[in-house]
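There are 6 protein chains.
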Amino acid sequence: MKPTVVRNIRRPDPDVVRRLGVQGVATVHEAQTRTGLMRPYMRPIYTSARLAAPAVTVHCAPGDNLMIHAAVEVCKPGDVLVVTTFSECTDGFFGDLLATSLRAHGVVGLIIDAGVRDVADLTAMDFPVWSKAISAQGTVKATPGWVNTSVVCAGAIVNPGDVIVADIDGVVVVPRDLAAAVAELGEARVAKEEVSRAAYKAGALGVERMGLRAKLKELGVEYVDGEV
Amino acid sequence: MKPTVVRNIRRPDPDVVRRLGVQGVATVHEAQTRTGLMRPYMRPIYTSARLAAPAVTVHCAPGDNLMIHAAVEVCKPGDVLVVTTFSECTDGFFGDLLATSLRAHGVVGLIIDAGVRDVADLTAMDFPVWSKAISAQGTVKATPGWVNTSVVCAGAIVNPGDVIVADIDGVVVVPRDLAAAVAELGEARVAKEEVSRAAYKAGALGVERMGLRAKLKELGVEYVDGEV
Amino acid sequence: MKPTVVRNIRRPDPDVVRRLGVQGVATVHEAQTRTGLMRPYMRPIYTSARLAAPAVTVHCAPGDNLMIHAAVEVCKPGDVLVVTTFSECTDGFFGDLLATSLRAHGVVGLIIDAGVRDVADLTAMDFPVWSKAISAQGTVKATPGWVNTSVVCAGAIVNPGDVIVADIDGVVVVPRDLAAAVAELGEARVAKEEVSRAAYKAGALGVERMGLRAKLKELGVEYVDGEV
Amino acid sequence: MKPTVVRNIRRPDPDVVRRLGVQGVATVHEAQTRTGLMRPYMRPIYTSARLAAPAVTVHCAPGDNLMIHAAVEVCKPGDVLVVTTFSECTDGFFGDLLATSLRAHGVVGLIIDAGVRDVADLTAMDFPVWSKAISAQGTVKATPGWVNTSVVCAGAIVNPGDVIVADIDGVVVVPRDLAAAVAELGEARVAKEEVSRAAYKAGALGVERMGLRAKLKELGVEYVDGEV
Amino acid sequence: MKPTVVRNIRRPDPDVVRRLGVQGVATVHEAQTRTGLMRPYMRPIYTSARLAAPAVTVHCAPGDNLMIHAAVEVCKPGDVLVVTTFSECTDGFFGDLLATSLRAHGVVGLIIDAGVRDVADLTAMDFPVWSKAISAQGTVKATPGWVNTSVVCAGAIVNPGDVIVADIDGVVVVPRDLAAAVAELGEARVAKEEVSRAAYKAGALGVERMGLRAKLKELGVEYVDGEV
Amino acid sequence: MKPTVVRNIRRPDPDVVRRLGVQGVATVHEAQTRTGLMRPYMRPIYTSARLAAPAVTVHCAPGDNLMIHAAVEVCKPGDVLVVTTFSECTDGFFGDLLATSLRAHGVVGLIIDAGVRDVADLTAMDFPVWSKAISAQGTVKATPGWVNTSVVCAGAIVNPGDVIVADIDGVVVVPRDLAAAVAELGEARVAKEEVSRAAYKAGALGVERMGLRAKLKELGVEYVDGEV
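Protein chains in written order, with the working numbering: chain U, 1386 to 1613; chain H, 1386 to 1613; chain X, 1386 to 1613; chain G, 1386 to 1613; chain A, 1386 to 1613; chain E, 1386 to 1613.
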C-alpha cells in the first residue's frame, strides 16, 4: 500500500518478445484467447508506431508525473514504460525531454492512459507512444505513487515484466509467464491465416471454409429472395 | 422479425452512383436538403479513402460477426457493406481476411458502426473503411442477425440498395429512388459553388453575395466600433 | 447582451505573435504558468498545421453560421477566426468557400469548437483548422450572435485580440497584454530546455537534475528490490 | 425532401397500445425479438414515468423548436410526441408551457433525443418525458423541419403511428402493424416468466431450467476447485 | 498569473439575488438573452436542490483541493463556492467535512466542475451541490491555485461576485453588474408566461399565439394529408 | 486461459466485511491509501443502495450473460456478484428473474460494468445494483467465459473473495488479505473525522487545523485585497 519503487523485475525472454512483435496486436490477442487488450481509445501518435517490449509500470496521481521521473533509472534497454493514473486524466504527463532521457537509457516507447505533448518532436524522434489524449497541459511533481507494481492500464491488468505488443490496432498485454506459449500459438495462427488468405483471394466463402452454413441453419436464419 | 438473409436487392443506376461519388459527401448532403448524414464519429481509417456504392446491409449482435460472413455471397461487384450492431459495440468485427474475401467478390469498401482491425493491412490493400473505432478485439460467430433489411447506421437509415457516398468528411446515405435527382441537384450545386469560389477568391463578401446584411439588420445585430 | 459586431479591436505586436509561434503550444502554455489551454478534443485537421495569430472571435447559435459570414469583413491580414457556439454542436459550420473568402482577406486559420467540412480541400489549400469534429452537416443563416466579444472556446476564455498559438499539441490562448512577457519567458524556457535536452541525451537523470530524490524521500516513497 | 407537416396518420388499436403498456419495455423488447430499443442514454425525468402511446414524430434543426409548435395541432388525445434533431444537440427544446399546451390537446408525454427544461414543473404536472439531457438552454423558431415522417430517434426508427412504450428501463418502438402480434407474444412471455420467477424463488438453477449445462460443456467451460 | 487569494470581492444586492432565485434557471437564462448557462452535465446531487448566491471562485489543480481550504475564510454568509480545475477531473474534491466547515461560515452551496463525495451526508444536511460526477476518489493538498479570479466553469465565465442561480434545470451565471436588470426582465417574463400558460391550458395554439403560421409558410413548410 | 468456473473461493472474515460496510465507500477508500475505487460511472439504481460483501467474479462476452447463469450455484449466502465484459457493452445482462434466483441463494447484490433492466422490480425487491447503464437490451447465452478469476471491473482489479463496499458514492474493492487492516484504519479515520466535524461545526478553519497556511506560503500563494 505504501508508495514504492521496485528496482528489479523479472523480464521475459527477448526472443519471445521479438516473435510477438512480428505477429502484431490482432494476432497476439487472438492467440491468447482474446484477452489482455487495452481499450480502443489508446491510439498511437503516428501511424507507423509499433513495438514489443517488457513493461516497467508507473502509477501516478492525476496531473502529477513525479513517478515517471522516478522510474527512469529502473528501466533496462528494451523496456517500455506503462503509465496509469489514480483517476482519469488527459494531462500531458510526457514530452520530448522525458523521451530523450528514456531513450538514453534504452527505453523503446511509452503506453500512457493519459495525455502526451511535444508530439511533433516525438514523431521526429520516432519515439512511439500510445495514449488517450494529446495535450500540452503540464503536470506537477508533488505526489507519491508506485513503480513496478500491478496496474490497470486502459482496462487491462499489467504486471511488471509482462510483454506489451502495440501497433496501429492498439495495445495488448501478454503475461510474462505465458509469453512463450502465446508466441507459439500466434505463429501457428499466422501460418493458418496465410492459407485462409490465399483461399479467400481465390474467391472461397467463409461460410463454407468455416462450416457456418450449418450454424446459420441451426440458428434459424432464413434465406429469401428480395425484390428485383 | 425472424433472422433473414435477403439474397437479391435492387441496385441504383451505376452511372448515378459514379456521379454522386465525384461530388463527395458535403455536396451530396446539401443536395438532398441536408439529410442522410451519419454521425461524425464515423471516420475513415486513412485520409484518402473515398467511395460511392450501393449498400448491402448487415445487422449483427454485439461482438459477433457471423452475419458479415453470411453477407459475402449476396454482394455484387461494386457494392459496399454497411454493418450495424444490435447495441453499441467497438469490437473489431472485420480485418484483412474478410477484406480479402470481399474484394475477391468485388466489394469496394466497408461502413461499420463498430470497430475494425488489421488497419495497416487494410490501408496497404487500399480497402477503404469508415468505422467508429479501431480495435483488435475479436468477435464470435454464434448469434443470428439480418442481411439486406433496413438498418440504422450511425444515426442514418440505410435501406439495401441505397447509395453510400463516403470520404474524409464522413458518410452520407442517398435513398436509391432519389439518387438520380440528387445527383442532378449536386451537379448544379458544384457549378454554382465554382462561381462563388471565384468571387470569394477575388475578395467578395458573403454578407453581400448572399444578401445577409438585410438579414443581420432584421435580426437586430448592432455594429459598434471597438477600442483602438 | 444585444447581438453585436465589434468592428475594430486592438491587436498585439506582430513580432511578439511571431515569437510565440516559434515556441509552440507546450512551451507557451508552460511560460504562462500553465493557463489558457483549450480542451484536448481540439485537434488539427492535418498534422503539420501550425499558427500564431490575433483572435477575431465569433459566437454562433448551434447549427447556424451566420455570424462567421458577418465576421469576414472585420478581419485583418494575419488574424485567426475563433468560433464558438451557444451550446455544444458538431455541425460543419465551415468549408472551403469560407476558407477561400477568409484567405482573400488575409486570415491565416480557424479555431472552432464545433465541426468543419471540405477537409480534403482545406488540407490541399494548407488552410489550418483546429476543431472538435469533422462533419458535413450543413448549417443555416437565421440566428443572430456576436463578433469580437469575450467567448469561452473549448474551456478557455478568448478576448478579441488575444494571441492564439496552435500546433499538433493543441491550442493555447495568450492574453494580448501579457503576450510580450510570455514571449520572453517562453524564450528563456526554450534556452533552458536546450541545456536539459543535452544533459538527458548524455544520460543524466531527472531525479538528480531536478532534486527529486529528496522530494521522493520526504513523500515516503520506499525503494525495494523485486524478484530476480 | 421538402419540409412537410403530415396532418393525419393511422394509429394503432388503443387496446393493443394499452396491453403493451402493461407489459413494459423489457418484455415488449424481448417479444419483438430484441429490436426497436432506443439507446440507453434516453432517461425519464422522474422514476415513476411510464407510458404507451402512438407516436407523432417531429424532426427539428439543432437549437430550434419551431416544428414542435407546428406539431401540436396534429396530435390526437392519447398520442406521444417523438422529437429528433438534424444533428446531436442537448438544448432545452421543451418546457412547461409546451407541456401545458400538449396536455390541453390530450398528449400523454414526450420522447426527445435532445434536452428539456422546467423539469420540476413537468414532474409536478406528472407529464412524463424521456430525454438525452436536462438543459435550460433556450431554442429559436427559425428553421423548417418535418412532422409525421419517418425519423431515427436515439438509434431506433420511428414511423408515425408506431407504438412507443417507455418506462424506467428506457424506450422501445413497436411498428404499428406488428403491435397486435407483439402484444400477444409479450403476454405469453409474461405468463412464462411468472412460472420461472416462482421456480427461481424456490431455488431452481437457470443452468438446469434452461439446459445450459450441456451448452457450457459443449463450449469447453471447465469446472475446477479453487483454494479453500 | 501568480497563484493568488483575493480576500475581498464586491457582491451584488442581496435582494436582487433573492429575486433571481425565485425565477429559477430557465427564466433567468432567457431573461439575459440565453447566455451564461453552464454545460448540462452539471447536475444537482438531489432533485430539490435550489439556490441563488454570489460566487466565490476557486481554481484547483486536478486531484488537489488545497485551494478550497484556502477559500473558506474569504467566504461571507450567503455565498456559494464555484470550483473549477486546470484540466478535466472527476475526483471527489469535496465531502461532508468541507460542507460542515462552509456551512459554519454561512456558505449556502457548491458548484464544482469535478466530483463530490459523502453524497448521502450532504443530502441529509440539505447542502446543495451541482457537480460533474459523484466520486469517492480523494484528493491531495500540494499544488497552488487561485481564489476569486475569473474562471471558466462548465463552459461559462464566472467572475467573483457574479450571481449563481441553480436548480434542477442546471446552473446559470448572471454578471454582477447586470443582475438587477436581468431580475427585472425575468419578472416581466414570469408575468408574461403566466398569461401564456393560461391560454395554452385553455387550448390555444402556439403557432397562432406567436404568429408562427406565417413563418412556417415563409419557410416553405408544406401541409399534406397522410394515409388514413 | 481456458474458459473456467472456479467452484470454491476463500472468503474474508464476515465481521470484517460488516465493519467495512459500516464505514462506507469514501472512508474505506481513504483507509487503503486511495486505491481500489471503481470509475465514477458506476452508479446505484436507487439512492439508498448500500452493501459490503465478498465478490464472486464473472467475465462475460459483450451481449451474452451465459456465465452469470453459470455463476449462481457457486455463490454462497452473503456474496455479491461482480460482472465484467470482454469489451465495453451497455446491454441489460441482468433483470428481476436473475435477481430472484440470486436472492434465493443468498446473494446480496450486483456490481456490473454493463447494463441492467427491470429496474422498477429490482428497486421494489430492494436488490441493490451498481451499473454503467440501465438498458432493456436483452442478451444471448452462446459464448463461454470465466467465473471466479481475476477481473478488471470499471478500472479496478477484483479477485474472487475480495470485499466489495458500495454505496451512493460508488464502489471500492478491498483485497481480501488486507481487509482486516483496512477495517481498523477506517475505524480510526471515522473517529478522527468525528473530532474534525465538531471542530468545523464550531467554525474552525481547515487551513489552520491541517497546517496549510505554511504550505500555501511555501507554494508562493499571494494574498491580495480585491476591489470593495
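We put the beta carbon where it would ideally sit given N, CA and C, even for glycine.
Look up I1394 of chain G in the DSSP assignment and give the residues it is bridged to. Answer by DSSP bridge pairing: none, since I1394 of chain G is not bridged.
Taking the alpha-carbon positions, what's the L1604 of chain G to Q1408 of chain H distance? Distance from the CA atom of L1604 of chain G to the CA atom of Q1408 of chain H, rounded to whole angstroms, is 50 Å.
Min CB distance E1458 of chain X to chain G below 9 Å: no
Since S1472 of chain X meets chain G, which of its residues come closer than 8 Å, beta carbon to beta carbon? G1448, C1474, T1475, D1476, S1520, Q1522
Between the C-alpha atoms of D1511 of chain G and L1601 of chain A, what's the straight-line distance to the nearest angstrom? 31 Å
Look up P1439 of chain A in the DSSP assignment and say whether it is helix, strand or coil. strand
Going by the beta-carbon positions, is the gap between A1521 of chain E and H1414 of chain G smaller than 9 Å? It is a contact, given that the beta carbons lie within the stated cut-off.
Check whether G1523 of chain A and G1477 of chain A have beta carbons under 9 Å apart: yes
Every unbroken alpha helix (DSSP H) inside the region 1512-1586 of chain A [4 residues or more]: 1564-1586
Would A1541 of chain H count as contacting chain G if we go by Cβ distances under 9 Å? yes
Could you compute how far the alpha carbon of A1566 of chain X sits from the alpha carbon of G1406 of chain X? 14 Å
Closest by C-alpha distance to R1396 of chain A, when choosing among A:L1570, A:M1452, A:A1489, A:D1562: For R1396 of chain A, the nearest C-alpha among the options comes from A:D1562.
Taking the continuous alpha helix (DSSP H) assigned at G1406 of chain X, which residues delimit it? Under the DSSP assignment, G1406 of chain X falls in the alpha helix (DSSP H) whose first and last residues are 1399-1408.
Following the continuous alpha helix (DSSP H) through G1591 of chain X, name the residue where it begins and the one where it ends. 1591-1594 is the span of the alpha helix (DSSP H), which, as asked, contains G1591 of chain X.
Rounded to whole angstroms, what's the CA-CA distance from D1552 of chain A to V1493 of chain A? Just pull it up for me. Looking at the backbone, the Cα of D1552 of chain A and that of V1493 of chain A are separated by about 13 Å.
Any C-beta of chain E sitting closer than 9 Å to the C-beta of M1386 of chain U? So, interface residue.
Residues of the region 1494-1507 of chain G in Cβ contact with chain A at a cutoff of 8 Å, in chain order, please. G1500, R1502, D1503, V1504, A1505
Buried versus exposed, by CB contacts within 10 Å (16 or more), R1403 of chain E: exposed
Can you tell me whether V1413 of chain G is helix, strand or coil according to DSSP? DSSP places V1413 of chain G in helix when its eight states are reduced to three.
Using a Cβ-Cβ distance under 9 Å, would V1592 of chain A count as near chain G? yes
Cutoff 9 Å: P1425 of chain X Cβ touching any chain U Cβ: P1425 of chain X belongs to the set of residues whose beta carbon lies under 9 Å from a beta carbon in chain U.
Looking at C-alpha atoms only, which residue of E:V1559, E:P1447, E:L1466 is the closest neighbour of D1398 of chain E? E:V1559
Taking 8 Å as the line, does the beta carbon of S1520 of chain G fall inside it for any heavy atom of the ligand MG? Absence of the ligand MG from the depicted structure is noted, as is the absence of any ligand whatsoever, leaving it without description.
Are I1430 of chain U and P1513 of chain U touching if we call contact CB-CB under 9 Å? yes
Taking the Cβ atom as the reference point for each residue, do L1422 of chain E and V1557 of chain E lie within a distance shorter than 9 Å? A Cβ-Cβ contact shorter than 9 Å links L1422 of chain E with V1557 of chain E.
For L1422 of chain X, which residues does DSSP report across the bridge? L1422 of chain X has X:V1557 as its beta-bridge partners, per DSSP.
Just verifying my parser: in three-state terms, what is the DSSP assignment at D1476 of chain E? coil
Inter-residue CB distance, P1425 of chain U and I1519 of chain H (contact presumed, cutoff 8 Å): 6 Å
Could you pull the DSSP bridge partners for V1465 of chain H from this structure? H:A1440, H:G1494
Delimiting residues of the alpha helix (DSSP H) encompassing L1603 of chain H: The amino acid at residue 1603 of chain H is misidentified as Leu; the sequence shows Glu. DSSP places E1603 of chain H inside the alpha helix (DSSP H), whose first and last residues are 1597-1603.
Three-state secondary structure (DSSP) at T1485 of chain X? helix
From the DSSP output, read off the bridge partner residues of R1428 of chain U. U:S1516
Whether or not the region 1482-1489 of chain A and the region 1431-1448 of chain A are in contact is what I'm after, with contact meaning three or more pairs of Cβ atoms, one per stretch, closer than 8 Å; do they touch? no
For chain A, find out if any of its Cβ atoms is closer than 9 Å to the Cβ of K1526 of chain G; answer yes or no. yes
Output yes if chain C places a C-beta closer than 9 Å to the C-beta of A1411 of chain A; else output no. Given the protein chain composition of this structure (U, H, X, G, A and E), no chain C is represented.
Which listed residue (E:R1392, E:K1461, E:A1456) has its alpha carbon closest to that of V1468 of chain E: E:A1456
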